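K.L.:
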Amino acid sequence: MQRLRLNIFGGGKVVNKQERIHPHPSEIHGDNMLKPTLTHSRSHSGSSVVNVLDDLRVKNVRPLIPPQILMEDYPVSHAAINTITAGRIGADAIVKGQDDRLLVIVGPCSIHDTTAGLEYAKLLKAYADGAKDHLHILMRTYFEKPRTTVGWKGLINDPSLDGSFQINKGLRIARGFLLECADLGVPVAVEFLDQISPQYIADTVSWGAIGARTTESQCHRELASGLSTPVGFKNGTNGSVGIAIDAIRAAKSGHVFLSVTKQGISAIVETNGNDACHVILRGSNTGPNFSSSHIKECVQELSKAGLKPLVMVDCSHGNSEKKHERQLVVAEDIATQLENPETQDHIMGVMIESNLVEGKQSLESLGPNKLAYGQSITDACLDWESTKKALDRLKAAVGQRRAQKLAAKSSGSV
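Numbering follows UniProt numbering, with no gaps: position 98 of the sequence shown is 98.
(1) Per DSSP, what kind of secondary structure is cysteine 109 in: helix, strand or coil?
(2) Leaving aside the five residues before and after arginine 221 along the sequence, list all residues of the same chain whose C-beta is less than 6 Å from its C-beta, in chain order.
(3) So the candidates are Arg62, Ile137, Pro63 and Glu216; which of them puts its Cα closest to the Cα of isoleucine 84?
(4) Considering only their Cβ atoms, is the gap separating asparagine 168 from leucine 64 smaller than 8 Å?
(5) At which residues does the alpha helix (DSSP H) containing phenylalanine 257 begin and terminate?
(6) If distances are taken between C-alpha atoms only, which option among Trp384, Ala403 and Asp92 comes closest to tyrosine 127?
(7) Just to confirm my understanding: we take alanine 380, look at its own chain, exclude 5 residues before and 5 after, and list those with CB closer than 6 Å. What are they?
(8) Can you list, in chain order, the stretches of the alpha helix (DSSP H) that have 4 or more residues and sit fully within the segment 217-245?
(9) Short of 7 Å in beta carbon distance, which residues of its chain neighbour serine 253, apart from the five on each side in sequence? Order them along the chain.
(10) Looking at the secondary structure, which residues open and close the beta strand (DSSP E) in which isoleucine 65 lies?
(11) Let me confirm a value: serine 320 is counted as buried when at least 16 other C-beta atoms fall within 10 Å, else exposed. Which label applies?
(12) Which residue wins for smallest C-alpha separation from isoleucine 111, given the options Leu310, Trp152 and Lys388?
(13) Distance, Cα to Cα, alanine 131 vs leucine 391?
(14) Indicate the three-state DSSP secondary structure (helix, strand or coil) for alanine 267 in the structure shown.
(15) Taking its Cβ as the centre, do 16 or more other Cβ atoms sit within 10 Å of leucine 124, making it buried, or is it exposed?
(16) Taking the alpha carbon of glycine 374 as the reference point, which residue from Pro108, Gly264 and Arg401 has its own alpha carbon closest?
(17) If you check the beta carbons only, do glycine 236 and phenylalanine 177 fall under 8 Å apart?
(18) Given this structure, state the Cα-to-Cα distance separating threonine 214 from isoleucine 196, to the nearest angstrom.
(19) In the DSSP assignment, the beta strand (DSSP E) including lysine 313 goes from what residue to what residue?
(20) Evaluate proline 341 with the Cβ neighbour count: other Cβ atoms within 10 Å of its Cβ, from every protein chain shown; 16 or more gives buried, anything less gives exposed.
(21) With DSSP run on the structure shown, which of helix, strand or coil describes lysine 395?
(22) Quick test of the definition: if touching needs 3 or more C-beta pairs under 8 Å, does the segment 52-66 touch the segment 98-105?
(23) Quick one: what's histidine 278 bridged to in DSSP?
(24) Once the 5 residues before and after lysine 395 are set aside, which same chain residues still bring their CB inside 6 Å of it?
(25) Might you give, ordered along the chain, the residues of its own chain that have their beta carbon closer than 6 Å to the beta carbon of valine 313, omitting 5 neighbours on each side?
(26) Quick check: glutamate 119 and leucine 193, are their CB atoms within less than 8 Å of each other?
(27) Would you say the beta carbon of valine 398 comes nearer than 7 Å to a heavy atom of the ligand FMN?
(28) What does the alpha-carbon distance come out to for the pair arginine 401 and alanine 79?
(29) Can you grab the Cα-Cα spacing for the pair glutamate 72 / histidine 294, in whole Å?
(30) Quick check: glycine 208 and valine 190, are their CB atoms within less than 8 Å of each other?
(31) Could you check whether histidine 255 and glycine 283 sit closer than 8 Å to each other, using their CB atoms as the reference points?
(32) Output yes or no for whether 8 Å exceeds the beta carbon distance between glutamine 300 and leucine 382.
(33) Out of Asp183, Lys405 and Arg140, which one is the CA nearest neighbour of isoleucine 81?
(34) Using 10 angstroms around the beta-carbon of threonine 286, count the other beta-carbons present and answer buried if the total reaches 16, otherwise exposed.
(35) My parser needs the alpha helix (DSSP H) runs of 4 or more residues fully inside the segment 307-351; what are they?
This is the structure we're talking about:
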């Protein structure tokens, strides 16, 4: 019978291949303890070693396409480069208070159907061209969805919507879609959920978000410090704006952390820091935070921290109390604040969840083959016609703010 050497916690014991390890953890701590599975590896001396410590809860490991290969398969065209760069430059200037336009992140809660997504992108492009002097519009193109518990995690994670988790396929679809948007002249915005997926798509993105559930995460603050785009940090789900302000300060500094290269090799990444980060007020579990008093309180805290007193307001999520039609109410309130000299200087952007069709539908109930075209399968959205009304109102408010400031300057009161 083959004899193997087992090294545990620096000690060694010669056991038979079929002999059970003794004492087993369940005999010490009860039957609920993990029972290790014997797997084989090689020791430094070349002898076979039984590994009872590693990957005890890992079901499967599959190969992932290296970022560089995907980038070569889906290269960025010259037209796309111009779109992405213009999107970044405009967003950067607005976030820093150097451009008086309103930064607008608008689009589906998540992309699950790229055909419908491209139809939406074409509609948005036509509108954005006519509003570009007042609104700098980026399309919300979210492919990764953080979940409170469980659920569909986005097109990259499960592109077939059926639990098959064909992530390589999802990455290809996502990058291809983002490049199609850029070729159309539509700059895009995404949420970044981990430190690996940006290597596949970040070069196609003009603005990034760190969500309410991850703003406090050190890994995401480190990631933001190295991204080539402006980044918005949302307040926490409990309403804390302080964690978003702390995140901005952290991301502004350089960091050293673990990630992967474009070749997919583990690496140590060192960043310079990102000076184009900002707060997104998205409401909380206890209610909205888009009112003038909430914004005033936030900008005071930003000023105390030595940061630009500018905020973006998310019209959805906690601010709409998860009722998609209330986004119109929030947008109207923001427009009114933009027209008020006492509040107009502190709002630099908004977010709106919008789709071809209003509301949402259940993937779990309908399945991937019975979904309505152009309707969200995550958060409920405004339809396109309602979205245009909200954008028109915000556009008018930016024009009013600009006229007020010009008049004040002409009269010498500023």
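Idealized CB from N, CA, C, for every residue including glycine.
Just so it is clear, the structure is predicted and the values come from calculations on it, not from any experiment.
P.N.:
Quick answer:
(1) Against the sequence shown, residue 109 aligns to sequence position 109. The three-state secondary structure of cysteine 109, taken from DSSP, is coil.
(2) Here residue 221 corresponds to residue number 221 of the sequence shown, with the count starting at 1. The beta carbon of arginine 221 is closer than 6 Å to those of Ala247, Ala250 and Ala251 in its chain, skipping five residues each way along the sequence.
(3) Taking the first residue of the sequence shown as 1, we reach residue 84 at position 84. The residue with the shortest Cα to Cα distance from isoleucine 84 is Ile137.
(4) Taking the first residue of the sequence shown as 1, we reach residue 64 at position 64. Taking the first residue of the sequence shown as 1, we reach residue 168 at position 168. In this structure, asparagine 168 lies closer than 8 Å to leucine 64 by Cβ.
(5) If you number the sequence shown from 1, residue 257 lands on position 257. Per DSSP, phenylalanine 257 belongs to no alpha helix (DSSP H); it is in the beta strand (DSSP E), 256-260.
(6) In the sequence shown, counting from the first residue as 1, residue 127 sits at position 127. Residue Trp384 is the option with its Cα nearest to tyrosine 127.
(7) For the purposes of this step, residue 380 is taken as the residue at position 380 of the sequence shown. Taken in chain order, the residues that qualify are His324, Gly359 and Lys360.
(8) If we require 4 residues or more, the alpha helix (DSSP H) runs fully inside the segment 217-245 come out as 218-226.
(9) On the sequence shown, residue 253 is found 253 positions in, with the first residue counted as 1. Within the same chain, serine 253 has close Cβ partners Ser225 and Gly273.
(10) Along the sequence shown, one-based indexing puts residue 65 at 65. Following the DSSP letters along the chain, one finds isoleucine 65 in no beta strand (DSSP E), marked with neither H nor E.
(11) Taking the first residue of the sequence shown as 1, we reach residue 320 at position 320. Counting Cβ neighbours within 10 Å, serine 320 comes out buried, since at least 16 surround it.
(12) Within the sequence shown, residue 111 is the residue found at index 111, counting from 1. Among Leu310, Trp152 and Lys388, the Cα nearest to that of isoleucine 111 is on Trp152.
(13) Translated into the one-based positions of the sequence shown, residue 131 becomes position 131. Translated into the one-based positions of the sequence shown, residue 391 becomes position 391. Those two C-alpha atoms are separated by around 9 Å.
(14) As a working mapping, residue 267 is identified with position 267 in the sequence shown. Here alanine 267 sits in strand by DSSP.
(15) Translated into positions along the sequence shown, residue 124 becomes position 124. Leucine 124 is classed as buried because its beta carbon has at least 16 other beta carbons within 10 Å across all chains shown.
(16) To locate residue 374, count along the sequence shown from 1; it is residue 374. Looking at the Cα atoms, Pro108 is the closest of the given residues.
(17) For the purposes of this step, residue 236 is identified with residue 236 of the sequence shown, where counting begins at 1. For the purposes of this step, residue 177 is identified with residue 177 of the sequence shown, where counting begins at 1. Taking 8 Å as the Cβ cut-off, glycine 236 and phenylalanine 177 do not qualify as a contacting pair.
(18) Along the sequence shown, read from residue 1 onward, the residue named residue 214 stands at position 214. Along the sequence shown, read from residue 1 onward, the residue named residue 196 stands at position 196. Taking the straight line joining both Cα atoms gives about 15 Å.
(19) The count along the sequence shown starts at 1 and reaches residue 313 at position 313. For the sequence presented, residue 313 should be read as valine rather than lysine. That run of the beta strand (DSSP E) goes 311-314.
(20) Taking the first residue of the sequence shown as position 1, residue 341 is located at position 341. Exposed: under 16 other Cβ atoms inside 10 Å.
(21) Here the question's residue 395 lines up with position 395 in the sequence shown. Helix at lysine 395.
(22) By the criterion of at least three beta-carbon pairs nearer than 8 Å, the segment 52-66 is not in contact with the segment 98-105.
(23) Numbered from its first residue, the sequence shown carries residue 278 at position 278. Per DSSP, Gly232.
(24) In the sequence shown, counting from the first residue as 1, residue 395 sits at position 395. Excluding the 5 residues flanking it on each side, lysine 395 has same chain C-beta neighbours closer than 6 Å at Ala131, His134 and Leu135, in chain order.
(25) Taking the sequence shown and counting its residues from 1, one reaches residue 313 at position 313. Leu281, Phe290, Ile334 and Val350, listed in sequence order.
(26) By one-based count along the sequence shown, residue 119 stands at place 119. By one-based count along the sequence shown, residue 193 stands at place 193. With contacts defined by Cβ atoms closer than 8 Å, glutamate 119 and leucine 193 do not form a contacting pair.
(27) Of the ligands one can find in the structure shown there are none, so the ligand FMN has no counterpart to examine.
(28) Counted from its first residue, the sequence shown places residue 401 at position 401. Counted from its first residue, the sequence shown places residue 79 at position 79. Looking at the backbone, the Cα of arginine 401 and that of alanine 79 are separated by about 33 Å.
(29) For the purposes of this step, residue 72 is taken as the residue at position 72 of the sequence shown. For the purposes of this step, residue 294 is taken as the residue at position 294 of the sequence shown. Between glutamate 72 and histidine 294, the C-alpha separation is close to 46 Å.
(30) Counted from its first residue, the sequence shown places residue 208 at position 208. Counted from its first residue, the sequence shown places residue 190 at position 190. Yes. Within cutoff.
(31) Looking up residue 283 in the sequence shown gives position 283. Looking up residue 255 in the sequence shown gives position 255. Annotated as distal: glycine 283 and histidine 255, with beta-carbon spacing of 8 Å or more.
(32) Indexing the sequence shown from 1 puts residue 300 at position 300. Indexing the sequence shown from 1 puts residue 382 at position 382. Their beta carbons are not under 8 Å apart, which means glutamine 300 does not touch leucine 382 by this criterion.
(33) Counted from its first residue, the sequence shown places residue 81 at position 81. Proximity to isoleucine 81 across Asp183, Lys405 and Arg140 peaks at Asp183, based on C-alpha coordinates.
(34) Position 286 of the sequence shown, counting from 1, holds the residue named residue 286. By the 10 Å Cβ count, threonine 286 comes out exposed.
(35) Taken in chain order, the unbroken stretches of alpha helix (DSSP H) that lie wholly in the segment 307-351 and span 4 residues or more are 327-339.
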